[in-house]
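Student: Residue numbers in the sequence shown follow our numbering, run continuously in steps of one, and reach 431 at the last position. Just so it is clear, CB atoms sit at the ideal spot from N, CA and C, and this is done for glycine as well.
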Amino acid sequence: MRRGIGCGYIAANIKHAHTLLIARKDGRDQMVHDCADTAPEACAGRLAIGSLDILCLKREAAIGLIRSAISRGLKTDIAICNAHTLVTAFEDPDYAQTLNKMVLLNDGIGADLAARFLHGTRFPENLNGTDLIPALLEEIGLPLRIYLLGAAPAALAEARAAIGERFPDHRIVGSCDGYFSSTESDRICAEISALRPDLLLVAMGNPKQERFIVQNRPFLDATVTIGVGALFDFLSGKAVRAPGWMRIWGLEWLFRLSREPRRLFGRYVIGIPKFFFHIARLKRAQRRRTR
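1. Leaving out the 5 sequence neighbours to the left and right, which residues in its chain are closer than 6 Å to I465 when beta-carbon positions are compared?
2. Quick check on this structure: which residue in L214, R424, V354 and L267 has the alpha carbon closest to the alpha carbon of R199?
3. Nearest to I189 by alpha carbon, out of N222, L205 and I206?
4. Among A236, N240, F263 and I388, which residue has its Cα nearest to the Cα of A201?
5. Where do the N-terminal and C-terminal ends of the alpha helix (DSSP H) with D271 fall, by residue?
6. Go through the segment 323–347 residue by residue and report every complete run of the beta strand (DSSP E) that reaches 3 residues or more, in order.
7. DSSP three-state call for N356: helix, strand or coil?
8. Quick check: the Cα distance between L119 and R428, rounded to an integer number of angstroms?
9. Just to confirm, is the Cβ distance from E331 to T238 under 7 Å?
10. Just the Cα atoms here: how many angstroms apart are R357 and T225?
11. Give the range of the alpha helix (DSSP H) segment to which L214 is assigned.
12. What would DSSP say about K414, mapped onto helix, strand or coil?
13. If we call anything under 7 Å between Cβ atoms a contact, is S191 one with A236?
14. Going by other Cβ atoms of all chains shown within 10 Å of its Cβ, with 16 needed for buried, is E305 buried or exposed?
15. Just to confirm the assignment, what range does the alpha helix (DSSP H) spanning Y235 have?
16. Once DSSP output is grouped into helix, strand and coil, what is the label at L289?
17. Leaving out five residues before and five after S322 in sequence, what residues of the same chain have Cβ atoms less than 8 Å from its Cβ?
18. Under DSSP, the alpha helix (DSSP H) around S315 begins and ends at which residues?
19. Report yes or no: do three or more beta-carbon pairs, one from the segment 286–301 and one from the segment 373–380, lie closer than 8 Å?
20. Going straight from the alpha carbon of A209 to that of G281, what length do you get?
21. Could you check the C-alpha separation between V380 and T430 for me, to the nearest Å?
22. How would you call Y319, buried or exposed, if buried means at least 16 neighbouring beta carbons within 10 angstroms?
Dropping the structure here:
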């Protein structure tokens, strides 16, 4: 791989396969997506939201990205960025650096609004993990070895059973709930590495899950890792999805707030005004640069 080419996304034709290269900010290139079976425009690039570069992909291309990484044995770490992720990154430079060591996908209306305000466009599709991961398991076309990490013990057990029932082509090789101390991380990473999963799903919420992945990556022998937030709670039935019309209109956050007001008050009632403050700040800086 070439080094030192800076930050950006390069779409190249290699034997008619449109290959997306991600030039990582630490100077390392990582090939993560062979979209030979995907239209070239689906691999068109990314949008910068503050210091974060988020891929512009449709769902089929995102699934192709993961399929390619697994089939080629390319270690790839994926974070799915919603408004809360963005606010945390705006206010915590260390977390922003952590995210920039991962492949970033968009999640929800917050990322879309940021793209519209800053770039006058939107992401091709909402790639929230609650929809993306089941679609991935349904459509990937490869039998996967999967490890589940995170959530409460009961929710994890029910999520594991639900995945096994819905997606019998895949094998869950191991699981561990999210209630472990930092001193136990080495043991858990060793267990995961011994099992060598194709796909490691980490459900700890952000920023914890992304920090866990990046900090422990040297000790994790898993091909693709994805931070999936509350996915196991949804799969287990512990959490309920918003009605379809609310999801279409980008109001799933309001439904979640109505069901868990105490837990989610800070994220939404305080977090949403902070989100718009930061986007307005970025827009002002953008205008100053273009004068």
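Tutor: Well, looking at it:
1. Past the edges of the chain, shown from 141 to 431, lies residue 465, and the structure says nothing about it.
2. Here the question's residue 199 lines up with position 59 in the sequence shown. Among L214, R424, V354 and L267, the Cα nearest to that of R199 belongs to L267.
3. In the sequence shown, residue 189 corresponds to position 49, counting from 1. Minimum Cα distance to I189 is reached at N222.
4. Here the question's residue 201 lines up with position 61 in the sequence shown. It is F263.
5. What you label residue 271 is simply residue 131 of the sequence shown in a count that begins at 1. Residues G269 to E279.
6. 339–343
7. As a working note, residue 356 is residue 216 in the sequence shown. DSSP places N356 in helix when its eight states are reduced to three.
8. Past the edges of the chain, shown from 141 to 431, lies residue 119, and the structure says nothing about it.
9. For the purposes of this step, residue 331 is taken as residue 191 along the sequence shown, with counting starting at 1. For the purposes of this step, residue 238 is taken as residue 98 along the sequence shown, with counting starting at 1. The answer is no: Cβ separation not under 7 Å.
10. The count along the sequence shown starts at 1 and reaches residue 357 at position 217. The count along the sequence shown starts at 1 and reaches residue 225 at position 85. Answer to the nearest angstrom: the Cα atoms are 20 Å apart.
11. Translated into positions along the sequence shown, residue 214 becomes position 74. Run containing L214: none; DSSP gives neither H nor E here.
12. One-based indexing of the sequence shown puts residue 414 at position 274. K414: helix per DSSP, three-state reduction.
13. If you number the sequence shown from 1, residue 191 lands on position 51. If you number the sequence shown from 1, residue 236 lands on position 96. Yes, these two residues count as a Cβ contact at 7 Å.
14. As a working note, residue 305 is residue 165 in the sequence shown. The residue is exposed, with fewer than 16 neighbouring Cβ atoms inside 10 Å.
15. By one-based count along the sequence shown, residue 235 stands at place 95. Note, Y235: alpha helix (DSSP H), P233 to L239.
16. For the purposes of this step, residue 289 is identified with residue 149 of the sequence shown, where counting begins at 1. Here L289 sits in strand by DSSP.
17. What you label residue 322 is simply residue 182 of the sequence shown in a count that begins at 1. Answer for S322: no residue qualifies.
18. In the sequence shown, the residue the question calls residue 315 occupies position 175. Premise fails: S315 lies in the beta strand (DSSP E), R311 to C316, not in any alpha helix (DSSP H).
19. yes
20. Position 69 of the sequence shown, counting from 1, holds the residue named residue 209. Position 141 of the sequence shown, counting from 1, holds the residue named residue 281. In a straight line, the C-alpha of A209 is about 13 Å away from that of G281.
21. Residue mapping note: residue 380 aligns to position 240 of the sequence shown, counting from 1. Residue mapping note: residue 430 aligns to position 290 of the sequence shown, counting from 1. Straight-line Cα distance between these residues: approximately 45 Å.
22. Along the sequence shown, one-based indexing puts residue 319 at 179. Flag for Y319 reads exposed.
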